[in-house]
Every structure is written in C-alpha cells, then in structure tokens.
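Presented below is the structure to which this report refers.
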Amino acid sequence: MIAKKEPPYYNVNLLWPRPEENVLELIIPQNCAGLRLDQALAQLLPDHSRNRLQTWILAKRVTIDDLNVNSKERVWGGEKIKINPTQHHNETVYTAEPIKLNIVYEDQALIIINKPAGMVVHPGNGNWQGTMLNGLLHHSAQLEGIPRAGIVHRLDKNTSGLLVVAKTLEAQTSLVRQLQNRTMKRDYFALVLGHVQHSGLVNAPIGRHPIQRVKMAVSRNGKEARTQYLIREQINGCTLLQCSLETGRTHQIRVHMHSIGHPLVGDPIYGAKPRKISQEISKLIMSFPRQALHAQRLELTHPNTGQKVMWETNLPEDIDKLLLELRQYHINTSHTNNLSS
C-alpha cells in the first residue's frame with residue numbers, strides 16, 4: 000500500500016461510528032435545511048434506499064439529537080443524526096460460507112481483495128452460494144450489518160483483480176460518494192485483438208442491447224461511459240492495454256473495446272475470431288477460456304485517515320502465461336525467419 004497525504008472532500012460531516020455497535024453518526028448540513036428527515040437522509044446516504052431509511056426511522060433506529068422522531072420531521076441544519084441499522088425483514092438473508100479470499104489489505108474500515116477469475120461477487124441469477132459475499136460474511140461477522148456485506152463495486156465473474164469492501168456504514172458511504180464523484184481510480188489490464196494504433200479515450204454511452212438482453216451496447220440513449228486506454232505492448236496480433244475507468248457501467252471496458260474494433264481476447268459475449276494471424280497463434284488465442292481483463296490498480300481516499308491510498312497487483316497466472324507464449328512464439332518465428340533469409 001502506498002499512502003499520499005491529501006485531505007478528503009466530504010459533502011456531509013460524517014463521524015466515526017462505534018465499531019462494536021456499527022452506529023453511523025452524521026451532522027445535517029445547511030443545504031438540507033427544510034427537508035423531511037427521510038428526504039435529507041436519502042440525499043446524504045445515496046447507497047441506502049428510501050424504503051430502507053424509512054424502515055429504520057419507523058423502527059426507532061434513527062434519532063435526531065438523541066430523540067426518536069418520525070420520517071416527516073423537518074431538519075434545519077446542524078442536527079446530530081444517529082443511525083443504528085437492523086436487518087430489514089424483507090431483505091434476503093445470505094449465508095456465511097468458509098470461502099478462501101485473497102485479502103491483500105485489511106484495517107478497521109476497509110478490505111482489499113484480489114478476486115480470482117471464476118468467482119461471482121454477489122449472489123443472484125442462479126449463483127446464490129459460493130460467492131465473494133458469502134465468503135465475506137464468514138470472514139467478518141460485522142459485515143452482516145452493512146448493505147451487500149460492504150461491497151460497493153463489482154467485477155464480472157470471469158474478470159480478476161482488486162475490489163474494495165467497506166467494513167462500516169461510514170466507510171461504505173464514503174466509498175460510494177467517491178465512485179459517484181469519480182475520485183476513485185480503477186485501472187485494468189486488457190488484452191485485446193488486433194494492433195491498436197494509438198492510445199486514446201472512448202466516450203460512448205452504454206445501455207442494454209436492444210435484442211440480446213444479456214448484452215450491453217453503445218447506445219445513444221445509454222448512460223454516460225468513458226474509458227481511457229494506454230498501449231502497453233503490441234505482440235502477435237494482440238495489444239495489451241491499460242484501461243482507466245472514468246465511469247462504471249456494466250461490461251464497460253468489454254463493450255468499449257468491442258465498439259472500436261478491438262474486442263478482448265477470450266470474451267464469450269463480445270469477442271471475435273482473430274484475423275490476419277497464423278493458425279497457431281489464432282488457436283492459442285481462441286483457447287483462452289475467459290475475457291483477458293484484470294483490475295490491476297485501485298486508488299481511493301481512505302475514509303478514516305483522509306489519505307490517498309493505492310494498491311497494485313500483478314497479472315494473474317493465466318494472462319501472464321498467455322503473454323509469455325505469445326512473446327515466445329514471436330521470438331521463435333523471428334529466429335526462424337532470420338535463418339531462412
């Protein structure tokens with residue numbers, strides 16, 4: 000972990016919770032003056048649904064200056080809000096499972112995980128067990144009181160790399176705000192088909208594919224999506240890119256690279272057959288079993304210290320092995336050509 004001294008920016012004065020009780024405290028800012036309590040909390044805590052917040056208020060889990068109130072109570076700025084959440088009776092209860100997690104860093108506020116390819120982050124769509132969330136609940140019981148066990152962003156099942164998990168409500172709120180304000184930096188290594196000619200920026204909105212609902216696509220009516228990409232290496236019909244997300248749409252890098260004619264190697268949804276390369280190299284590339292995408296670098300403002308912190312990870316073994324084979328084939332081919340000339 001590398002630390003950089005730089006103060007954080009908060010729109011709301013969040014105070015540290017008591018870790019043993021998982022209590023979140025905050026001060027209502029003046030720009031919320033005149034709002035109902037539930038409206039103010041919905042603005043200040045965007046990661047929690049209005050229904051969840053109202054449920055907490057009705058259950059007397061929210062106080063203003065240590066007094067129980069109803070959701071229609073008005074706030075005028077300066078009030079001290081205390082939230083002690085409980086499990087909503089309609090929420091799905093997930094099971095803690097002893098799943099091995101590659102934890103690269105952990106403190107009172109954060110967990111940084113290097114997720115392997117093949118692991119689902121959050122239960123759903125037939126994957127209700129064996130996910131990273133199930134493993135997190137087993138790793139830390141306090142995550143039972145955090146929405147989605149502290150998960151604030153995701154990686155596709157077959158994308159590997161770094162993820163941050165919040166261990167407190169305050170940390171989760173801070174991290175969600177950083178994602179919304181685009182101050183959290185996320186860099187990926189992506190191996191794509193073809194020789195990309197220039198580094199650049201893809202600025203193209205992404206929405207659901209109009210016909211194939213499991214796919215996303217560049218769409219005029221989609222949500223804003225921006226991906227910067229930097230050429231790191233070109234070899235044997237492929238290009239290794241470093242991609243930086245300015246937004247976080249579903250399948251963003253995969254869709255954007257496909258849209259510029261350079262789909263990811265191994266991508267089962269947006270991929271393509273290699274062209275203008277030897278049969279041996281084509282076979283090697285086509286045999287890669289997943290999208291060659293790895294979340295390599297993560298930088299954020301620590302919710303506790305206010306410092307900029309950063310983590311990096313090496314390429315996973317499967318992508319590294321593919322690159323080595325591509326390089327070795329290039330060397331062997333060049334040597335053979337030199338002997339023939």
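In numbering that gives the first Met the number 0, the protein residues as written are 0 to 340. By construction, the Cβ of each residue, glycine as well, lies at the ideal position given by its N, Cα and C atoms.
With 16 as the cutoff for other CB atoms within 10 Å, does residue i come out buried or exposed?
i	result
Lys166	buried
Lys114	buried
Glu223	exposed
Pro302	buried
Thr226	buried
Ser159	buried
Trp55	buried
Pro267	exposed
Leu323	exposed
Asn50	exposed
Leu321	buried
Please look up how many angstroms separate the CB atoms of residue i and residue j, rounded, as I've assumed it's under 8 Å.
i	j	result
Ile150	Val120	6 Å
Gly134	Glu96	6 Å
Glu311	Gln295	6 Å
Glu72	Leu36	5 Å
Ile284	Val264	6 Å
Pro262	Val175	Not a contact, Cβ separation roughly 31 Å.
Val163	Leu109	6 Å
Cys242	Asp155	So it is not a contact: roughly 14 Å between Cβ atoms.
His255	Ala203	6 Å
My output table needs one value for residue i: the three-state DSSP class, helix, strand or coil.
i	result
Asp186	strand
Leu161	strand
Val61	strand
Trp310	strand
Gly206	strand
Leu40	helix
Glu245	coil
Lys282	helix
Arg389	Residue 389 lies beyond the range of the chain shown here (0 to 340); nothing can be said about it.
Glu351	The question about residue 351 has no answer here: the residues shown for the chain are numbered 0 through 340.
Thr130	coil
Ile234	strand
Leu142	helix
Straight-line CA distance for residue i to residue j?
i	j	result
Ile63	Ile80	5 Å
Arg326	Ala271	21 Å
Gln179	Ser173	10 Å
His47	His138	23 Å
Asn101	Thr304	24 Å
Gly117	Leu132	14 Å
Asn124	Gln29	43 Å
Gly236	Gly221	31 Å
Lys275	His194	11 Å
Arg60	Leu142	18 Å
Val74	Pro209	44 Å
Leu40	Thr238	46 Å
Arg207	Glu78	42 Å
Cys31	His293	41 Å
Taking 7 Å as the threshold (beta carbon to beta carbon), is residue i in contact with chain D?
i	result
Tyr228	Any reference to chain D falls outside this structure, which holds one protein chain only.
Based on DSSP bridge pairs, tell me the residues matched to residue i.
i	result
Ile254	Correcting the residue type first, residue 254 is Val in the shown sequence and not Ile. Paired residue(s): none; Val254 is not in a bridge.
Arg35	Arg73
Gly199	Tyr228
Tyr104	Ile111
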